[in-house]
Structure formats: C-alpha cells, structure tokens
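Under the working numbering, the residue at position 583 of the sequence shown is numbered 1148, and the numbers go up by one with no gaps. Even for Gly, the Cβ is constructed at its ideal location relative to N, Cα and C. For clarity, every value in this text was computed on a predicted model and none was experimentally measured.
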Amino acid sequence: MQSASDRHEYPAHWEADVVLRDGGTARIRPITVDDAERLVSFYEQVSDESKYYRFFAPYPRLSAKDVHRFTHHDFVDRVGLAATVGGEFIATVRYDRIGADGTAASAPADEAEVAFLVQDAHQGRGVASALLEHIAAVARERGIRRFAAEVLPANTKMIKVFTDAGYTQKRSFEDGVVHLEFGLEPTERSLAVQRAREQRAEARSVRRLLVPGSVAVIGTGRTPGGVGRSVLGNLREAGFTGDLYAVNKAFPEDLEEFDGVPAHRSVREIDGHVDLAVVAVPADHVPEVVAECGEHGVQGLVVLAAGYAESGPDGLQRQRELVRHARAYGMRIIGPNAFGVVNTSPRVRLNASLAPQMPRPGRIGLFAQSGAIGVALLSRLHRRGGGVTGITGVSTFVSSGNRADVSGNDVLQYWYDDPDTDVALMYLESIGNPRKFTRLARRTAAAKPLVVVQGAGSAPQGHAVRATRLPRATVSALLRQAGVIRVDTITELVDAGLLLARQPLPRGPRVAILGNSESLGLLTYDACLSEGLRPQPPLDLTTEASAEDFHAALSHALADETCDAVVVTAIPAIGEASPHDAELAQALRSAAAAGPAKPVLVVHVELGGLAEALSAATSTAPRARTATPAGAAAEAGAGPTGTGTTGAGTASTGAPEPGPVATGTTMTGASGTGATGPGPATAAPTTPTGAPPAPAAVTGEPAERSEAPEGAHLIPAYPAAERAVRALAEAVKYAQWRREAAEPGKVPEHEDIDEKGAAALIGRLLASGQGLTLGTDETCELLGRYGVPVRRAIPAPTPDEAARAAGALGYPVALKATAPHLRHRADLGGVRLDLADEEQLRRSYAELTELFGDPQQLRPVVQAMAPRGVDTVVRAVIDPAAGAVLSFGLAGAASQLLGDMAHRLIPVTDRDATSLVRSIRTAPLLFGWRGSTPVDTPALEELLLRVSRLVDDHPEVVAVTLEPVVVAPHGLSVLGASVRLAPPPARDDLGPRTLPVY
C-alpha cells in the first residue's frame, strides 16, 4: 500500500461507513498509492467550476506530480481521505500540517491546512460535512488542534460546510480570499450539529426502506407458497401504491407479466427506478443479486434469506460480506433472515413481509428483531386493537432478523419525527450500543412514548460493538432514566401501548374506581396500591347498574379534581336493565366526551357465551371472529417458510391471550376537551403524542364496527385488573418523567474544584502505568481537589503504632480490620467503635487479633470517629458501552444482597442527584423512618454531584468507590475510598458519525 519512506502503516481504523444526508451510504477511507487511477477518473468527472474553486485557477487535469502528491501520504503530517460509492471516489479531503509561517511542518506544529473536492453529481448530499467530521477526528489523533482553509467568496457551499460545523472559528478576508481558522475540539454546538445531521440522515435511510416508490421482489418463484411469491402476493393484496416488479432469472425470456405485475429476469432489465428490493433467493445467490441491485441504483434491501450469522462461523462471514457489499453501493439492509417490513399509510400501503394480511392502520410503530416475536405482536394488536366501536392499529412494522445493518436505533431516528407514529413499541433481544440508544430514547420519549421489552440476548452476531459490563438491572434503570417505559413481557408491551395510543397522559397517581362489581373493584384497588398509585375507595354501582348509571358515575369522576385517571370495572349482569356492550360503550364514550381529558380504562370481564348473546342483541357488536391472518401466522410459526424466526430470546410473552370471548373489548371514547396535542407535560393532560388516532377501515376484518368520531380517544379494555393497573402505572411514571424532562436540571458549578490540579495529578500517576488503583494518600489528594474530604485511616500493624495513631488523631477513635474478607463487614465483628482512651484501644486490639489472627492478616487501621448516621455507598464506573454511571445505595446487606442500588448516567444534574437519593427502596431510612432523625440529604446530593463532576471532567478516572459514607443529621463523613485510573475507553459518541463496524 505505502512505500518504505512512509512513516506509518495504513490506518485501517480510519475506515468507516457513513449515512449521507439523503439516506444513502458511502465508505470513507484513507487514500493510498494504489488509488492513482481512481483519483484521475474522479477528477475527470468534476466540473471546471469545482476545479477552479479548489485550485483558484483553471486546472483541467492533474499532472503526474499532482497525482503522486495526492496519493502519497505519511498518515501523520499529510493525510488524504476519500468517500467512495461502488468502489469509486465521489469526494476527497486532505490536510497538510503547517507551521506558524504557513509552510509544511511536522509535530509539534498543531495546525493544518484542509481542502475538499466533491463531484458535482454528489454535491448537496452532505458528503463534505461527513468528510470534515472524519478528517477532524484523524487530525486530533495526530496532535493537530486547528484547521485553516482558504476559500473563494463565490464558493458559498464550501464556506457553509465550515461555518455550519459548529466549531469555534475565526474568519477574515484578504486578497480576495476568505480565510477560515477553527479549533477541532468538539463543542456543545458541534456535537448538536453532528447529532442533528445523524438523525436526519438515518431517518431518511429508513424512510427509503419504508416509503418506497417502487419495489422489486427478487426470487419470485412460480410455485405457490414460496417465500418470494408470497411476499409479492402480500404486496399486491395490500394495495401497494407504487410500481411493483417480479424478478426471477428462471423466468422465460418472453414472459412479460407474472401474477399481474411486470416480470423480469434481472433487476437490470427494469426500465424504471427501483427504490426497494425484497431479496427472497437462497443465501448463495444473494451476492449476485446485491451486485445487480447496486449497479441499477436500488436504494435499499430487505433480505429474507436465512443461512447467515445465525447458522455459525461460515454464515457470520457471509453476513459480513453482505453488509460490506451493500454499503459499498450506498444501500442499507433490513435483515438478513428478516420477516419483512410494513407501512400501513394509505399513501404507501406496503406489506413487504411474510404476514399474509396487512395489519390494521393505526398510530403504533412496532420493531422486533425476532420474526416470531414480531408475529406475536401483530397478532395481539390485531385481537386487542378492535372492539365494539373502535380500532387501533399499526403505522409501521419492522422485523429486522439478524439486524446486520438497520437496527432499532435507526428505526427510532425515523419514528422521532414520523407524523404517522404516536407510540413506539420495541422488542429488543439486545442493545448493541446502550450509550447511543439511551441518547436517542431520551429525545424520542420527550416527544412520544417509547415502550421496550428487552430480551436476554447478546449483541448481534458479527457486530464489533463493545459489550456492557453493567448488570441487566442497571441497564434497565438507565433506560427508565432516559424516559423508556420498560416492561417485562410482550403482553405488557401491548397493554401499555394501547393505553398510550388512546388516552391522554395522567396528571398524577390519583385513581378513581367505579363499576358494577364490588369484588372486581377491590381487586383493582389492591392492584393500584401494589403499583404505587393512590386509589380512591371503589364506587360500587351494583350489578343492577344501567348504562345511564355508568355514564353518570364516570362523568362525576372525570369532573372530580382529586382524581387523575378512572378505571371502570364491568361484569356481565342478568336482567332487563343490564346494559349491552354497545350501550355501555356509548355511555362511556359520551361521558368521556363531556368531561375533562383524563385517561379512562375498562376492566371488562366476560363469562361463558354471554358475549355471543350480547352480540346477537345489537348490530354494532362484533360477530364471531375467524382466525386472524396474523394470529394464524403466529400459530404456524413465522410464515410459510419459517424465514425470519431468529428466536424470541428469553423474555416471556406473558400470559396467553384469552380467546374471542375473554379478550379485552375496546371501546371508543370521545374527543375529550383539551386534547390538543403533546404540549408541555405540566399543562392540562393531552394525548401523549400529538393528534389522536384517526379511525381507519379494517382490511379483511369480518366484524362490523361503528367508526369513532373524528378526533376521538379510544378507551382500552383489559381482561384483568392487574394488567390495566400496570399499564396505568407505567403511564403515570412516564407522565412524571415528561414533566421533569421539561426542566432537566443543571450541573452546578463548584468554585472550590481544582480541575487543573486534578488533571496534573492524574497525568503524573498514569505516567507510571497503564492502569492502577491509587494508594490512600493519592486517593485522598485527588478527591480533595474536588471537595470530597476522606477521613484518613492510619495503618496500625502493632498495638503501639495503633496508640500513636490514635494520639495523633485524637480520641475517640475506631479500630477496623481491613482484610478483604472483613472489609465493610461490621456484622462479623471486625470493627470497634468509640474507643475513648488508650486502654480501650489496646484491649480491642487484643480482642481482634485473638478472634481473627495476627495483624498481618487483619490489616488493622485506626480512624477518628465520625458523627453517627446512616451508612451509604457511592460508586462511579465507566462502562465501555453505556458510558459513565453513578450509583447510590445504603451500605451493607441492602445493596449487596437485595441489589437496592439506584443509577444515573454521568453527568448528573441537581435533579438527578435528588431523585437518585430517593429512588432506592430503603430511602425512608434517610428521611426519619419510624421516628429516627432525618439525615442531611442535601450534603449527600452535593457529594454525588462532586463525584459526577470528577468522573465527567477526567475520563481517566474509570472507577470510584466511597464506602461507607456516613450521612449524619448535619453533614457527612467519607470513611473509605478507592479510585482506579486507566486510559479512558474511546468514546464513539464524541467521534464522527459511523455505522456499526463489521
């Protein structure tokens, strides 16, 4: 690659795949001597105007000297990067290190001149912006801190690339040239710009897959029941609004049409543009198909074929080659081993999946890696989504299979600003990039609810992602901190999703309960208490209650300012006055229409054949249902061939759904006043996600339904009180998070923090090794620079030295054994407290040695007594995948045995610190439980903020443990501390945008 004179080997870690502004992909890599012909060909395709802007003069062709200069780099002082599509250059960037006089220089010079050239056909795609991010990261790695660029005033596009990047810059004009200088350290604005570009690019890349104007199904066999032919039929029956093509190289040459759509032997034969290709050929034939699609300009692929990473090492290698091949042509992939994608929008009507029937249109977005779980979700929504008078359905559905390329993060980027999606439901077998997922989830949850079931799977096979070392419970806690509604089963996923898609968010935890069954009301009351809600005593309307009684009771409850939500319990009753389902639905709907906008849920228990009798009594009740297509698919597996069933992980799918009689009937509510969109969470309750779901017809649904009024809320119903209350509790917690997220808090400034002094100390200590645990003196010094004093513990290897230490500290003192098996184990008797004089100290020393052995084993220390209080523990750790995490709990069995620890991502705000202290189950011990004296929680919160600042300011501090921290009624004392230093793990969230590496 490079000649012997070059100073560094080829930096393969600079290679990266990126998503461009229009959703296509490109590969960025260093330019080498082997690229001479590519460079010349690239330059020939650049317009004369662009060449003039680059060289400030007419420059029709590159000389041999130019080609040599632009392809020979030392990868230190001279670096060139190229963006490629299909192996050919579409843009280049280079920097040359310069000295103070502007001439070529070497380190320690820290400035470089940078220049770009983008083919005219690819200008406007964000190529230069992506290249700037990557060349800046390379320059920082090589010790360059500033870029300089000279641009002609007429070259406004390139000036905009520099000025929009968000770096701190200087600008001047001299001799007809604009001179720009800017620092390369990431700033808050540059990161914001980078992430906004990332969101737009990744969202558009998914949009190209979900909103195609044309689809080709490749591998459409002539035998009925085959995968390709099934998908083609599903697309046709769904009424896909774009152009549709059937492709199979085995078609006769004279075949012009197949199953009513144009037939071709190859994608190359299609005259029109193809946006999406559904690949349903065996894995061995996929590379040929990918090449044909790439050369024809196809924008994205859904690969249904199995035989990849799920099948072993050979399949894993095949999957890596598939992703590299597709990205080289600018295409993104859903799959392989995928179940497919669905978009129910009437503008698209895309069913490029193995689901034999289009799901109901609606406002819920679904993502699942596993095809089996995806089918189960569709089946549950199909059964639960309809009811007496209303429906709820799906906006988009993605089952990603092996998730080799497009992941849940990409789909989140799309849903964030998708006007057709109000609620996002995700089944994730793993979270490959927790840091990025948490960031995206926090932003999405601020706009619309995000409900997640996390399976027990590992990172997707073939992905070069860092594995998290955090316990599963910690990851779940961090997701909740980001606003994610974390549930355990797909039944709970659907329960919560239906409520959030249909009802406004509750203002608080106060719940009114009313119904015609005292027992069911009490069950609901108990369930509310178990979930931390504040229920009012149930109102029993008796079994003789009429629809008018329900209407009056619900109207009264909604008007009551002391209640935030209403749960209606209903059981069938015998008698002429008993309301039928349709009557009850109408009563509840009209009451909700007239009352304030509060969430209403129904617990509707049906017995025996009563539903059929009720159905016969009214024309608007559902008829007896046949098996739904999605349900049938769930019973049969994952479709005609089983393709896309990558396994469901170990997350339970919850209790089996009841049959047609016992399913929760769904009734429409009305437009409740005040439901005008998301709005601030502190305002009157609104729908959590914007406009209410619009009613839509049910394709192939055998039941007759009366449509909900325009702008109506739908009232969800549940077959069990526990399920309804659990969904409501999640909505209450999410609403509280939304209110708090509107005012996220601040990271306070502490004037007594010595950040520079701490950095110098860390530098000196790390100079002696790559990773080390600090000694007592170094630990105390480092923590002291951040205002965290540690009570010193003086080693006492003999009784005489213990006496001298106590004399220096002043009585009373504590004598502690610090051997690993006794450390922080006061219950074993290795601690003696309140030793008032030397006699007590020597006697205690003798007792400890007699009980536990000689001092060399005990490692005794003497420490000054601290004021009595509650023992707590504070920890901070940098996880390679999730980032820096701060944890808090009570010391001892509470945190070790019960796992009663709370966690927050660093940097921690004042609001985070306050909630962290109150999040543990044993928090009442800090606030005067059973008449004890409350301790100084403000001092504890300040300690948490200072530790957070230390780890955030110095990523070399990879672990901190303060144990015990004794929190007294006034102040606190840190009695034990340990700090570990190491070179910080690379932070991919601060670097340039890249796709996951293969």
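Quick check: the Cα distance between E678 and H687, rounded to an integer number of angstroms?
By 1-based counting over the sequence shown, the position of residue 678 is 113. By 1-based counting over the sequence shown, the position of residue 687 is 122. Cα-Cα distance, rounded: 23 Å.
Shortest alpha-carbon distance to E713 belongs to which of T721, A719, A704?
Taking the sequence shown and counting its residues from 1, the one referred to as residue 713 is at position 148. For the record, residue 713 in the displayed sequence is Ala; it is not Glu. Of T721, A719, A704, the residue nearest in Cα terms is A704.
With distances taken from CA atoms, which of R1045, G1496, T1056, R659 is nearest G939?
As a position in the sequence shown, residue 939 is number 374, starting the count at 1. Among R1045, G1496, T1056, R659, the Cα nearest to that of G939 belongs to T1056.
From the DSSP output, which residues share a beta bridge with S737?
Walking along the sequence shown from the start, residue 737 turns up at place 172. H744, per the DSSP bridge assignment.
For K630, is the classification buried or exposed, using 16 other Cβ atoms within 10 angstroms of its Cβ as the cut-off for buried?
Here residue 630 corresponds to residue number 65 of the sequence shown, with the count starting at 1. Exposed, by the Cβ-count rule.
With DSSP run on the structure shown, which of helix, strand or coil describes G664?
Residue mapping note: residue 664 aligns to position 99 of the sequence shown, counting from 1. G664: coil per DSSP, three-state reduction.
Could you spell out where the alpha helix (DSSP H) holding I1327 opens and where it closes?
Your numbering for residue 1327 matches position 762 in the sequence shown. Start and end: 1320-1331.
Is it true that the CB of G895 sits closer than 8 Å to the CB of A989?
Numbered from its first residue, the sequence shown carries residue 989 at position 424. Numbered from its first residue, the sequence shown carries residue 895 at position 330. No, they are not a contact pair.
Excluding the 5 residues preceding and the 5 following G1556 in the sequence, name in chain order all residues of the same chain whose CB lies nearer than 7 Å to its CB.
Taking the first residue of the sequence shown as position 1, residue 1556 is located at position 991. Here the set comprises A702.
Integer-rounded CB distance, given that R794 should sit under 8 Å from V826:
Here residue 826 corresponds to residue number 261 of the sequence shown, with the count starting at 1. Here residue 794 corresponds to residue number 229 of the sequence shown, with the count starting at 1. 11 Å between Cβ atoms; not a contact.
DSSP three-state label for R897, please.
What you label residue 897 is simply residue 332 of the sequence shown in a count that begins at 1. Here R897 carries a strand assignment [DSSP, helix/strand/coil].
If you draw a straight line from the alpha carbon of G1214 to that of Q1019, how long is it in whole angstroms?
Residue mapping note: residue 1214 aligns to position 649 of the sequence shown, counting from 1. Residue mapping note: residue 1019 aligns to position 454 of the sequence shown, counting from 1. In this prediction, G1214 scores a pLDDT of 37, lower than 50, which makes its location untrustworthy; the coordinate-derived value is nonetheless stated afterwards. Roughly 9 Å between the two C-alpha positions.
CB A648 to CB I596, shorter than 8 Å?
Here residue 648 refers to the residue found at position 83 when the sequence shown is read from its first residue. Here residue 596 refers to the residue found at position 31 when the sequence shown is read from its first residue. Contact: no.
Can you look up G562 in the DSSP assignment and give me helix, strand or coil?
Look at the range of the chain in this structure, 566 to 1563, and you will see that residue 562 is not part of it.
By Cβ distance, which residues of its chain are closer than 8 Å to D661, with the 5 residues on each side in sequence left out?
As a working note, residue 661 is residue 96 in the sequence shown. Excluding positions up to five away in sequence, the list reads D642, R643, A669, A677, E678.
P1274 by DSSP, collapsed to three states: which one?
The count along the sequence shown starts at 1 and reaches residue 1274 at position 709. Here P1274 scores only 44 on pLDDT, less than 50, and its place in the model should not be relied on; the value that follows carries that caveat. The answer is coil: DSSP assigns P1274 none of H, G, I, E or B.
What residues in its chain sit with their C-beta under 8 Å from that of Y1090, if we drop five residues either side in the sequence?
Taking the first residue of the sequence shown as position 1, residue 1090 is located at position 525. Answer for Y1090: I1078, P1100, P1102, P1103, listed in chain order.
Can the beta-carbon of V1532 be found less than 8 Å from the beta-carbon of T1437?
In the sequence shown, residue 1532 corresponds to position 967, counting from 1. In the sequence shown, residue 1437 corresponds to position 872, counting from 1. Taking the C-beta atoms as reference points, T1437 is found nearer than 8 Å to V1532.
Pick helix, strand or coil for T1134, following the three-state DSSP scheme.
If you number the sequence shown from 1, residue 1134 lands on position 569. If DSSP states are grouped into helix, strand and coil, T1134 belongs with the strands.
With DSSP run on the structure shown, which of helix, strand or coil describes Y810?
Residue mapping note: residue 810 aligns to position 245 of the sequence shown, counting from 1. In this structure, Y810 counts as strand in the three-state DSSP scheme.
Per DSSP, which one or two residues make a beta bridge with M991?
For this step, residue 991 is matched to residue 426 along the sequence shown. M991 pairs with F932, V1017.
Take S1543 and list the residues in its own chain whose beta-carbon comes closer than 8 Å to its own, dropping the five residues that flank it on each side.
Taking the first residue of the sequence shown as 1, we reach residue 1543 at position 978. These residues qualify, in order along the chain: T1338, L1339, T1344, A1524, V1525, T1526.
Just to confirm my understanding: we take F607, look at its own chain, exclude 5 residues before and 5 after, and list those with CB closer than 6 Å. What are they?
The count along the sequence shown starts at 1 and reaches residue 607 at position 42. Closer than 6 Å at Cβ, skipping near neighbours: F654.
Excluding five sequence neighbours on each side, which residues of the same chain lie with their C-beta closer than 7 Å to the C-beta of Q884?
Counted from its first residue, the sequence shown places residue 884 at position 319. Excluding positions up to five away in sequence, the list reads Y873, A874, P901, N967, A969, G1027.
Taking only runs of the beta strand (DSSP E) that begin and end inside the stretch 1349-1408, which ones reach a length of at least 3 residues, in chain order?
1358-1360, 1378-1382, 1396-1400
Assuming S1120 and A1159 make a contact with CB atoms under 8 Å, what is their CB distance in whole Å?
Sequence index remark: in the sequence shown, residue 1120 carries index 555 (1-based). Sequence index remark: in the sequence shown, residue 1159 carries index 594 (1-based). Yes, they are in contact, since the Cβ atoms of S1120 and A1159 sit about 6 Å apart, within 8 Å.
With distances taken from CA atoms, which of A1431, A1147, D1365 is nearest R1357?
Stepping through the sequence shown from its first residue, residue 1357 is reached at position 792. Ranked by Cα distance from R1357, the first of A1431, A1147, D1365 is A1431.
May I ask you to report which of helix, strand or coil DSSP gives G1448?
Start at 1 with the first residue of the sequence shown, and residue 1448 comes out as number 883. Strand at G1448.
If L646 and V658 are in contact, beta carbons under 8 Å, what's the gap, nearest whole angstrom?
What you label residue 646 is simply residue 81 of the sequence shown in a count that begins at 1. What you label residue 658 is simply residue 93 of the sequence shown in a count that begins at 1. Right, their Cβ atoms sit about 5 Å apart.
In this structure, does DSSP put G778 in helix, strand or coil?
Residue mapping note: residue 778 aligns to position 213 of the sequence shown, counting from 1. Coil, per DSSP.
Classify T788 as helix, strand or coil using the three-state DSSP reduction.
Residue mapping note: residue 788 aligns to position 223 of the sequence shown, counting from 1. Reduced to three states, the DSSP call for T788 is coil.
Would you check if the distance between the CB atom of G807 and the CB atom of G778 is smaller than 8 Å?
In the sequence shown, the residue the question calls residue 807 occupies position 242. In the sequence shown, the residue the question calls residue 778 occupies position 213. Yes; because the gap between Cβ atoms is below 8 Å, this pair is in contact.
Given a threshold of 16 other Cβ atoms within 10 Å of its Cβ, counted over all protein chains shown, does H1315 qualify as buried or as exposed?
Counting from one through the sequence shown, the residue named residue 1315 turns up at place 750. The residue in question, H1315, is exposed, as its Cβ has fewer than 16 Cβ neighbours within 10 Å.
Would you be able to state if there are at least three C-beta pairs under 8 Å between the stretch 1412-1431 and the stretch 1350-1364?
yes
At what residues does the beta strand (DSSP E) containing L1537 begin and finish?
Taking the sequence shown and counting its residues from 1, one reaches residue 1537 at position 972. First-last of the beta strand (DSSP E) with L1537: 1537-1539.
Along the alpha helix (DSSP H) that carries F1492, what are the first and last residues, could you check?
Within the sequence shown, residue 1492 is the residue found at index 927, counting from 1. Here F1492 belongs to no alpha helix (DSSP H), and DSSP marks it neither H nor E.
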